[in-house]
Amino acid sequence: MKLAIDRERMGSEIEALAAFSDADAPAVTRIVFTAKDMEARAWVRTRCEEAGLEVRQDAIGNTFARWTGSDAALPVVGTGSHIDAIPNAGKYDGVVGVLGGLEAIRALRKAGFCPRHSIELLIFTSEEPTRFGIGCLGSRLLSGTLSADAARKLTDNDGVSVEDVRRKAGLTGELEQVKLPAGYYKAFVELHIEQGPILEREQVPLGVVERIAAPASLRVTVEGAGGHAGGVLMPERKDALCAAAELILALEQAAQTSGAIDTVATVGICEVFPGAVNSIPARVRISVDIRDTSLVRRDAVVRALEEACRSTSEKRQVTIHPEWLNSDAPAESGPAIVAALRQACEKHGFKFLPMTSRAYHDSLFISRIAPVAMLFIPCRHGYSHRPDEYASPDDIAWGTVVLAETLAMLAE
Ligand code: GLV
Ligand code: MN
Ligand code: MN
6 MKLAIDRERM GSEIEALAAF SDADAPAVTR IVFTAKDMEA RAWVRTRCEE AGLEVRQDAI
66 GNTFARWTGS DAALPVVGTG SHIDAIPNAG KYDGVVGVLG GLEAIRALRK AGFCPRHSIE
126 LLIFTSEEPT RFGIGCLGSR LLSGTLSADA ARKLTDNDGV SVEDVRRKAG LTGELEQVKL
186 PAGYYKAFVE LHIEQGPILE REQVPLGVVE RIAAPASLRV TVEGAGGHAG GVLMPERKDA
246 LCAAAELILA LEQAAQTSGA IDTVATVGIC EVFPGAVNSI PARVRISVDI RDTSLVRRDA
306 VVRALEEACR STSEKRQVTI HPEWLNSDAP AESGPAIVAA LRQACEKHGF KFLPMTSRAY
366 HDSLFISRIA PVAMLFIPCR HGYSHRPDEY ASPDDIAWGT VVLAETLAML AE
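FYI, in the numbering used here the residues of the sequence shown are 6 to 417.
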């Protein structure tokens, strides 16, 4: 089978999709259910229809584009990723897996391949946690990891619920219908940029992901006492920001001393109320993201943070309220898919590395209901979630050809 990847088309499609953005180029900002996100989805749907795929959308906006196999009753072989982008992001995160999946299907069709299992491209809704605080909204619902009821209650920063936002975006049906039936997938494979420096450093074009690290995230609200920055003397203060600073440093310390380089912890948002230079912070909300390949180590950091909340609250006489957003277990890749990916790399003469994904992905949640694996391609300097994120046309094409070969093996 001769698999021809159209690099020029892929390059121009990546550029075209990047233009649906609320930030000036080269930055991409595409927050779920904004006008730009909806336009970008419509654009991708049209590309899928032009490729001869049958497109359907579920109640949360997960989009499925199917190439029906010769035995349509068999479980599906899935591929795909996301097109939403955090503020000030780049062009490749998620997009490579969506457009690469589409190009892989086009290449297989052009090569005259006839799948026995249907092959389906999936564009997940809201992999990024930007709007609703929780990542992988679409795949959590598909896998039943998040209930429809819990999803409905999620709100954005303006207090608007998922339910209202999705209905305004024109999505109909009930969230209860999003969960996939048992046995839906035979396998799911996601192509993605590495979002780390290893492949580039080792000069290896592909990474076969064998496990995905376990993420946990929470919002912590610290309530102290506000007041005049001149009038309230230091011994009288209950400064919420100073208390939050202690929590942030305790978290950093816990991650640094976990005993493994795989432990990471980040506070990426700190909201200060009322936020005036001459006003003592009365309330602070921080967002905390903790990850590890080991659940035991990850949870030890979580407990250290909880302990810091208790001791800081007592010491500084402030109220500290942690609110859990998610606490997810890691995933192991399906051995048969890993074997197929390795075989496809070998067949096309590509070196590859076995890898761990430290970022989370929708595949983490699909792994709860199906065997999954991921294929990584290098990104320059390991940069991701920033406007200068870059993957080369060669690497994208090589990832796409290996993805196509793997889908063919799985769908035969
Ligand atoms: C996904 O974008 C992550 O934060 O790992
Ligand atoms: Mn991302
Ligand atoms: Mn991603």
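Quick reminder that beta carbons are idealized off the backbone N, C-alpha and C, glycines included.
Rounded straight-line distance, which links the Cα of residue j to that of residue i
i, j, result
"E311", "G201", "29 Å"
"Y190", "V343", "16 Å"
"W329", "L79", "38 Å"
"A94", "I36", "11 Å"
"L246", "A260", "21 Å"
"L358", "T298", "17 Å"
"S148", "R12", "33 Å"
"V289", "P134", "20 Å"
"A30", "V406", "29 Å"
"S372", "D244", "44 Å"
"L126", "V103", "7 Å"
Residue interval of the alpha helix (DSSP H) (run including residue i)
i, result
"C350", "P340 to K352"
"M43", "A40 to E55"
"L104", "V100 to K115"
"E251", "A245 to Q261"
"D333", "Unbroken run through D333: none, as it is neither H nor E."
Local Cβ density within 10 Å of residue i, reported as buried at 16 or more and exposed below that
i, result
"A305", "buried"
"V33", "buried"
"K115", "exposed"
"C119", "exposed"
"K96", "buried"
"T84", "buried"
"E410", "buried"
"G74", "buried"
"T150", "buried"
"P335", "buried"
"D98", "buried"
"V301", "exposed"
"D399", "exposed"
Host beta strand (DSSP E) of residue i (start-end)
i, result
"T268", "From DSSP, T268 is part of no beta strand (DSSP E); its letter is neither H nor E."
"D169", "Run containing D169: none in the beta strand (DSSP E); it sits in the alpha helix (DSSP H), V167 to K173."
"E207", "Not the beta strand (DSSP E): E207 falls in the alpha helix (DSSP H), residues I203 to E207."
"E195", "Y190 to I198"
"A216", "One detail in the question is off: residue 216 reads as Arg in this sequence, not Ala. Here the beta strand (DSSP E) through R216 covers L211 to I217."
"D297", "R288 to D297"
Own chain partners of residue i with C-beta closer than 6 Å, once the 5 adjacent residues on each side are dropped
i, result
"P376", "A192, G339 and I342"
"Q62", "T68"
"N331", "I139 and S222"
Minimum C-alpha distance to residue i - residue among the options
i, options, result
"N67", "T361, H87, R302 and A313", "H87"
"S362", "E215, P327 and A260", "E215"
"R385", "M15, E207, E181 and A156", "E207"
"I325", "S397, F129 and L252", "L252"
"D294", "V301, I139, D399 and C247", "I139"
"A249", "I266, D267, Q258 and V225", "V225"
"R347", "A334, H366, A364 and M379", "M379"
"D76", "H122, A219, I128 and A270", "H122"
"E276", "R321, I374, A112 and N162", "N162"
"A9", "E417, M414, L415 and L408", "L408"
"I110", "F129, R171 and R71", "R71"
"I91", "E168, E132 and R172", "E132"
Contacting residues, own chain, Cβ-Cβ under 7 Å from residue i (five flanking each side not counted)
i, result
"A281", "none"
"R242", "I285"
"Q322", "K243"
Nonlocal neighbours in the same chain, by C-beta distance under 8 Å from residue i, ignoring five residues either side
i, result
"A234", "V282, N283, S284 and I285"
"W403", "P210, L211, H353, F355 and I382"
"I274", "R290, I291 and S292"
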